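Residue numbers (mature numbering (1 follows the signal peptide of the UniProt record, and there is no 0)): -21 to -1, 1 to 199. Yeah, the Cβ is synthetic: ideal placement off N, Cα and C, and Gly gets one too. On a predicted model such as this, the values are computed, not experimentally measured, just so you know.
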C-alpha cells in the first residue's frame, strides 16, 4: 500500500507541475511588460539629426576672446557625430580689436554610459575668416582673409547640456612688407611676438595662436 501511495503522489506532482509552471511564466511575462523600456535599456539611442549651441572663452594672453558657435549634423546611435559648424569670436584690447568667423567640420566620439550621460572627445577643422580689425593691429597687416582653424577637446554631456575643455589653434599669414614703423622698430615684436623670438630684420609671414578654452552649451 505504501508503494502505491508514493507512486500516486509522484504521479499527481507530475500532472500538477506543468499547469503551475505555465502560471508562473504568465505572471513573469506580465511583470516584465510592466517595466518601462527606459529602465530596461538605458543606452538605446536613435540615429538622427543633432544640433548644438555653445558659448565659451579662449585664454591666450593678448588674444583671449569670447566666442559663440552653432553646430549641426548627424548622430549615429549615440556613439559618433559628424557635422558642420560656424562661429563668431571677438578679440578686444589695445592691440587686437577684431572679429573672427570660423567655419569648420566637427567630429565627436561618444560613450553613452546611460541615456542621460555621455563623455566624449571632439575635433574641429576649418578656416577662420578675420574681419573688422582695429586697435594697433590694422587690417592691412593680414595677408589674406584668415587662416587654419583647429579645435581639440574632451567633454561631458548630461541630458541636454554639455561642458568641454580643450585647445584651440589659429594660424594667420602676415604681410611683412606692410608691417613697419620707422619711429618704433620694435612695434612688430610688441604686437606679434610676445615670446621674444623676434630679431631685427627678421621676415614675418606667419602668426600662430594657441589657446585653451572652456565651452558650455546645449544639444538638441
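- Residue 85 is not a Cβ neighbour of residue 149, given a cutoff of 8 Å.
- Within the DSSP bridge table, the entry for residue 45 names 36 as partners.
- Shown here, residue 72 sits in coil according to DSSP, grouped into three states, outside any helix or strand.
- Contact between the segment 127 to 141 and the segment 82 to 100 is established, with three or more Cβ pairs separated by less than 8 Å.
- DSSP lists 35, 143 as the bridge partner or partners of residue 194.
- Exclusion of the five residues before and after residue 69 leaves 44, 45, 78 as the residues of its chain whose Cβ lies within less than 7 Å of its Cβ.
- Rounded to the nearest whole angstrom, the C-alpha separation of residue 40 and residue 124 is 23 Å.
- Pairing residue 35 with residue 152, the inter-Cα distance amounts to about 25 Å.
- In the displayed model, residue 138 falls within coil according to three-state DSSP, outside both helix and strand.
- With respect to the C-alpha of residue 144, the residue from 64, 196, 109 having the closest C-alpha is 196.
- The Cβ neighbour count for residue 42, taken over all protein chains shown within 10 Å, is at least 16; the residue is labelled buried.
- Residue nearest to residue 105 within the set 31, 49, 47, 64 is 64 (criterion: CA-CA distance).
- Comparing alpha-carbon positions, the option among 51, 31, 53 lying closest to residue 194 turns out to be 31.
- For residue 90, no beta strand (DSSP E) encloses it, and the DSSP letter there is neither H nor E.
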